[in-house]
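See structure below.
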Amino acid sequence: MFNNKTILITGGTGSFGKKYTKTILERYKPKRLIILSRDELKQFEMQQTFNDPCMRYFIGDVRDAERMMQAMRGVDFVIHAAAQKQVPAAEYNPMECIKTNIHGAENVIKAAIANNVDKVIALSTDKAANPINLYGATKLASDKLFVAANNISGDVRTRFAVVRYGNVVGSRGSVVPFFKNLIADGATELPITHAEMTRFWITLQQGVDFVLKNFSRMHGGEIFVPKIPSVQIMDLAEAYAPSVKAKIIGIRPGEKLHEIMCPADDSHLTLEFEDHFVLRPTIIFYHVEYDYTVNNLKEVGTPVDQGYEYNSGSNPHFLNIEEIREFDKQACL
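Residues 1 to 333 in UniProt numbering are what the sequence shown lists, from first letter to last.
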């Protein structure tokens, strides 16, 4: 699907972008692979590892509509990974979060349609489901924009979908490198926000593979949610530092005790497939009617029960301490 195609990833110098680039170069022969980000130092550092002839590095910001128009010329596929993601930073700098996560999403959509891009997948977060913090609220708004973009595009070929998943093991901002740094510095205590906190857990490679597969699955307008395990925060601390005492410090601004990926309020829209869920659009597309129960890979989904919620606290699959350690090994590969 990606051979001899031009692919662009916004926020491409982040953890996801690097793993995505590595995976694409190992599995496919793209015509061009464009890394768009606003940090020239990160681009320079990334070029030392990824310098295939197909690579292109574009300095640019999703807030800049004109630059997005330029970046998407001749592009076939877009992964929108650029975002302001730190929950406390968003709470203290709300307008900056809105400019990147909402206005940036609008610029990506307009540029994709104007340049006749084939397919766009936007990365979302579990925090966008029933959001209680600004980051989650902006990502929910972004999700709505990308779903509605399938109506805006009309007869233009461009189709949009969203991928939503939970905490990524080892990514920048994850609790794992934070814990590891504390342990390496000889910390005698690990700060834990709440003893009962749970999170969904996924490796970068699993996230990349899920996104790649959904380019083949998508009709347009779906929110794809993988079935992934949960972890207890206390088990996480035990897995990484069994001899270090946990110190309860309280939930941070805008933080949840448990995360949700398929809200109960959306259960009438939710389809369950073998290894993932799909949230169908809340709106009707006037130019086309898709049967979301069967995707383009001919996988069949069934409606969930009314009131069903995919919640990290009630998830039937929790990792034990040994499995958490194994996940960490896989994340380091």
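Note that the Cβ used here is the ideal one computed from N, Cα and C, for glycine as well. In this text, all values refer to a predicted model and were calculated from it rather than measured experimentally.
**Study point:** Buried or exposed (CB count within 10 angstroms, at least 16 for buried), M1
**Key:** Locating residue 1 in the sequence shown gives position 1, where the first residue counts as 1. Looking at its Cβ environment, which holds fewer than 16 other Cβ atoms inside 10 Å, M1 is exposed.
Review point. In three-state DSSP terms, what is R56?
Key: As a first step, residue 56 is located in the sequence shown; it is residue number 56 there, counting from the start. For R56, the three-state secondary structure derived from DSSP is strand.
Review point. So what does DSSP say about I113, is it helix, strand or coil?
Key: Position 113 of the sequence shown holds residue 113. Here I113 sits in helix by DSSP.
Practice item. Look at the alpha carbon of N295 and the alpha carbon of M218, and state the distance between them as a whole number of angstroms. Key: In the sequence shown, residue 295 corresponds to position 295, counting from 1. In the sequence shown, residue 218 corresponds to position 218, counting from 1. Rounded to whole angstroms, N295 to M218 spans 6 Å at the Cα level.
Practice item. State buried or exposed for P88, treating a residue as buried only when at least 16 other CB atoms are found within 10 Å of its CB. Key: Stepping through the sequence shown from its first residue, residue 88 is reached at position 88. By the neighbour-count criterion, in which 16 or more other beta carbons inside 10 Å mark a residue as buried, P88 falls on the exposed side.
**Study point:** Continuous alpha helix (DSSP H) stretch holding R199: start and end
**Key:** Residue numbering aside, residue 199 sits at position 199 when the sequence shown is read from its first letter. Boundaries around R199 are those of the beta strand (DSSP E), 198 to 202, since no alpha helix (DSSP H) includes it.
Review point. Among P281, I251, G207, L297, which one has its Cα closest to the Cα of S15?
Key: Here residue 15 corresponds to residue number 15 of the sequence shown, with the count starting at 1. Comparing alpha carbon positions, the residue from P281, I251, G207, L297 closest to S15 is G207.
Check your understanding: Rounded to whole angstroms, how far is the Cβ of G12 from the Cβ of L36, which I believe are closer than 8 Å?
Key -> Locating residue 12 in the sequence shown gives position 12, where the first residue counts as 1. Locating residue 36 in the sequence shown gives position 36, where the first residue counts as 1. Yes, they are in contact, since the Cβ atoms of G12 and L36 sit about 6 Å apart, within 8 Å.
Exercise for review: Using 10 angstroms around the beta-carbon of Q280, count the other beta-carbons present and answer buried if the total reaches 16, otherwise exposed.
Suggested key: Within the sequence shown, the letter at position 280 stands for residue 280. Note that residue 280 corresponds to Arg in the displayed sequence, not to Gln. Buried, because 16 or more other Cβ atoms sit within 10 Å of the Cβ of R280.
Review point. Rounded to the nearest angstrom, how far is the Cβ of D126 from that of E255, given a contact under 8 Å?
Key: Sequence index remark: in the sequence shown, residue 126 carries index 126 (1-based). Sequence index remark: in the sequence shown, residue 255 carries index 255 (1-based). Cβ atoms of D126 and E255 stay farther apart than 8 Å, at about 12 Å.
Practice item. Name the residue from I132, L271, I183, R157 whose alpha carbon lies nearest to the alpha carbon of P226. Key: Numbered from its first residue, the sequence shown carries residue 226 at position 226. Ranking the options by Cα distance to P226, first place goes to L271.
Check your understanding: In chain order, which beta strand (DSSP E) runs of at least 3 residues are fully inside the region 66 to 154?
Key -> When DSSP assignments are scanned along the region 66 to 154, the uninterrupted stretches of beta strand (DSSP E) that are 3 or more residues long and fall wholly within it turn out to be 77 to 80, 119 to 123.
Point to revise | Residue from V168, N181, I251 with nearest C-alpha to V231 | key: In the sequence shown, the residue the question calls residue 231 occupies position 231. The option with the nearest alpha carbon to V231 is V168.
Review point. Who are the Cβ neighbours of K180 in its own chain at under 8 Å, not counting the five residues just before and after it?
Key: Walking along the sequence shown from the start, residue 180 turns up at place 180. Taken in chain order, the residues that qualify are Y240.
Check your understanding: Which whole-angstrom value describes the C-beta separation of K31 and C54, a residue pair presumed to lie in contact below a C-beta threshold of 8 Å?
Key -> Here residue 31 is taken as the residue at index 31 of the sequence shown, counted from 1. Here residue 54 is taken as the residue at index 54 of the sequence shown, counted from 1. Indeed they touch by this definition, with Cβ atoms about 6 Å apart.
Review point. When you compare only the Cα positions, how much space is there between M95 and E66?
Key: Position 95 of the sequence shown holds residue 95. Position 66 of the sequence shown holds residue 66. When the Cα atoms are used, M95 and E66 turn out to be separated by approximately 21 Å.
**Study point:** Meets three-Cβ-pair contact criterion under 8 Å: the region 102 to 115 and the region 140 to 157
**Key:** These segments touch.
Exercise for review: Give a yes or no on contact between the region 192 to 209 and the region 137 to 148, applying the rule of three or more CB pairs nearer than 8 Å.
Suggested key: They do not touch, by the three-pair rule.
Check your understanding: CB-CB under 7 Å to I132, same chain, minus the five flanking residues each way: which ones, in chain order?
Key -> Reading the sequence shown from its first residue, position 132 is the one you call residue 132. A distance below 7 Å between beta-carbons, with the five flanking residues on each side excluded, links I132 to the following residues of its chain, in chain order: G254, K256.
Exercise for review: Please confirm whether Y165 and I228 have their CB atoms less than 8 Å apart.
Suggested key: What you label residue 165 is simply residue 165 of the sequence shown in a count that begins at 1. What you label residue 228 is simply residue 228 of the sequence shown in a count that begins at 1. In this structure, I228 lies closer than 8 Å to Y165 by Cβ.
**Study point:** Same chain only: Cβ atoms within 7 Å of A331, ignoring 5 sequence neighbours per side
**Key:** Reading the sequence shown from its first residue, position 331 is the one you call residue 331. Scanning its chain for C-beta atoms nearer than 7 Å, with the 5 sequence neighbours on each side dropped, one finds around A331 the residues V169, G170, T203, L204, in chain order.
Practice item. Could you work out which residue in N107, F44, T198 is closest to P316 when comparing CA atoms only? Key: The residue you call residue 316 lines up with position 316 of the sequence shown. Considering only alpha carbons, the answer is T198.
Exercise for review: Leaving out five residues on either side along the sequence, give the residues of the same chain with a beta carbon under 8 Å from the beta carbon of A237.
Suggested key: Translated into the one-based positions of the sequence shown, residue 237 becomes position 237. Closer than 8 Å at Cβ, skipping near neighbours: F179, L190, I192, V244, A246.
Exercise for review: Could you pull out every residue in the same chain whose Cβ sits closer than 7 Å to the Cβ of P263, ignoring the five residues on either side in sequence?
Suggested key: Residue numbering aside, residue 263 sits at position 263 when the sequence shown is read from its first letter. Excluding five sequence positions before and after P263, the CB atoms of its chain that fall closer than 7 Å to its own CB belong to A129, N130, E309, given in chain order.
Check your understanding: Beta-carbon separation of K139 and N101 under 8 Å?
Key -> Residue 139 sits at position 139 when you count from the first residue of the sequence shown. Residue 101 sits at position 101 when you count from the first residue of the sequence shown. For K139 and N101, yes; Cβs fall inside 8 Å.
Practice item. Look up residue 334 in the DSSP assignment and say whether it is helix, strand or coil. Key: A question about residue 334 goes unanswered here, because the residues of the chain that appear run from 1 up to 333.
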